[in-house]
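Asker:
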Amino acid sequence: MIDLHSHLLFGVDDGAATLEESLALARRAVEDGIHTCVLTPHIHPGRYANVRSGLVQQVTHFQNELDHQGIPLKVRLGGEVRLSVESLELLLEEEIPFLGTVDGYRVMLLEFPHQMIPVGSQQFIEKLLQFKVRPLIAHPERNKAIMAQPEKLGLFINLGCWAQLTAGSIAGRFGDAAYETAVTLLEREWVHVIATDAHNLEHRPPVLSEGVRAAAEVVGAARAQQMVVDWPAKIIGA
Ligand SMILES: [Fe+2]
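Numbering-wise (this note's numbering), the sequence shown opens with residue 12 and increments by one.
1. Please list, in chain order, all residues of the same chain as E32 whose beta carbon is under 7 Å from its beta carbon, the five residues on each side excluded.
2. Just confirm the distance between the C-beta atoms of P217 and I107, as a whole number of angstroms; I'd bet it's less than 8 Å.
3. Which residue marks the beginning of the beta strand (DSSP E) containing Y190, and which one marks its end?
4. Does DSSP classify H55 as helix, strand or coil?
5. Would the C-beta of A174 count as close to ligand 1, meaning under 7 Å from any of its heavy atoms?
6. Quick one, are the C-beta atoms of V113 and R93 less than 8 Å apart?
7. Would you identify the three-state DSSP class for S17, choosing helix, strand or coil?
8. Tell me where the alpha helix (DSSP H) around P243 begins and ends.
9. Can you determine whether any heavy atom of ligand 1 sits closer than 7 Å to the C-beta of E152, and answer yes or no?
10. Rounded to whole angstroms, how far is the Cβ of A73 from the Cβ of V62, which I believe are closer than 8 Å?
11. If you follow the beta strand (DSSP E) that E91 is part of, which residue opens it and which one closes it?
12. Check P161 in the structure and name its three-state DSSP category.
13. Once the 5 residues before and after E221 are set aside, which same chain residues still bring their CB inside 6 Å of it?
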């Protein structure tokens, strides 16, 4: 399996704090059957000052450490980009780490604030699409506005966005509302990818399998597998 959304890279955001933590998370991911992890540090101007050029070397260093320790995990650079005007500026400066390119569109993991969908989101997304950037919306099932009205995600799907569920949500780790929203989004066929959004071993581990099992009960085993194998592979060009 490929994990398209993770905070395993140490010292860059609210995920792993040290190399040791990163390695422990990597071992857990491998145990779960993950062979490739896209590292998606928060790209959130004003909160986390991460940019593509500054992260590249850190990912290479982490890969070297994994290889040195004999942990069979491939890591790649991506980023979880906060919806903000400043993110558009980073796009123009070529400082956004994309997940990959599909059919001429660079795929960007895009995060809304948890509490709402900001005014102007539609225009922001239309602008991204004009720049040939396709947003993969991170964990919509945890957004309060979408929890209250799941059809609000439909607007963005119709514009051309894809959506990523967090495995822990469909496995029930984030409560009933996130679980029920996740089921609804799966039933409406709005989900392309399931990923871990791993931050730590205790509460947000790098585990996909439980989410895949739970999703399989909604969409069947074959489609659930596609969300952690085929679609992620297509997006990262593996
Ligand atoms: Fe995340």
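A virtual CB, placed ideally from N, CA and C, is assigned to each residue, including glycine.
Answerer: This is what the structure gives:
1. Your numbering for residue 32 matches position 21 in the sequence shown. Answer for E32: F21, listed in chain order.
2. Stepping through the sequence shown from its first residue, residue 217 is reached at position 206. Stepping through the sequence shown from its first residue, residue 107 is reached at position 96. Contact flag wrong, Cβ pair sits at about 23 Å.
3. Taking the first residue of the sequence shown as 1, we reach residue 190 at position 179. Per DSSP, Y190 belongs to no beta strand (DSSP E); it is in the alpha helix (DSSP H), D187 to E198.
4. For the purposes of this step, residue 55 is taken as the residue at position 44 of the sequence shown. The answer is strand: DSSP assigns H55 an E or B state.
5. Position 163 of the sequence shown holds residue 174. Because no heavy atom of ligand 1 lies under 7 Å away, the Cβ of A174 does not count as near it: no.
6. Counting from 1 along the sequence shown, the entry for residue 113 is found at position 102. Counting from 1 along the sequence shown, the entry for residue 93 is found at position 82. Cβ atoms of V113 and R93: not closer than 8 Å.
7. As a working mapping, residue 17 is identified with position 6 in the sequence shown. It is a strand residue.
8. Residue numbering aside, residue 243 sits at position 232 when the sequence shown is read from its first letter. Annotation: the continuous alpha helix (DSSP H) that includes P243 extends over D241 to I247.
9. Numbered from its first residue, the sequence shown carries residue 152 at position 141. False, no ligand heavy atom lies under 7 Å from that Cβ.
10. The sequence position of residue 73 within the sequence shown is 62, counting from 1. The sequence position of residue 62 within the sequence shown is 51, counting from 1. Position check: residue 73 holds Phe in this sequence, whereas Ala was assumed. The beta carbons of F73 and V62 sit about 17 Å from each other, so the pair does not count as a contact at 8 Å.
11. Sequence index remark: in the sequence shown, residue 91 carries index 80 (1-based). Unbroken beta strand (DSSP E) run through E91: E91 to R93.
12. Locating residue 161 in the sequence shown gives position 150, counting from the first residue. In this structure, P161 counts as coil in the three-state DSSP scheme.
13. Position 210 of the sequence shown holds residue 221. Taken in chain order, the residues that qualify are A182.
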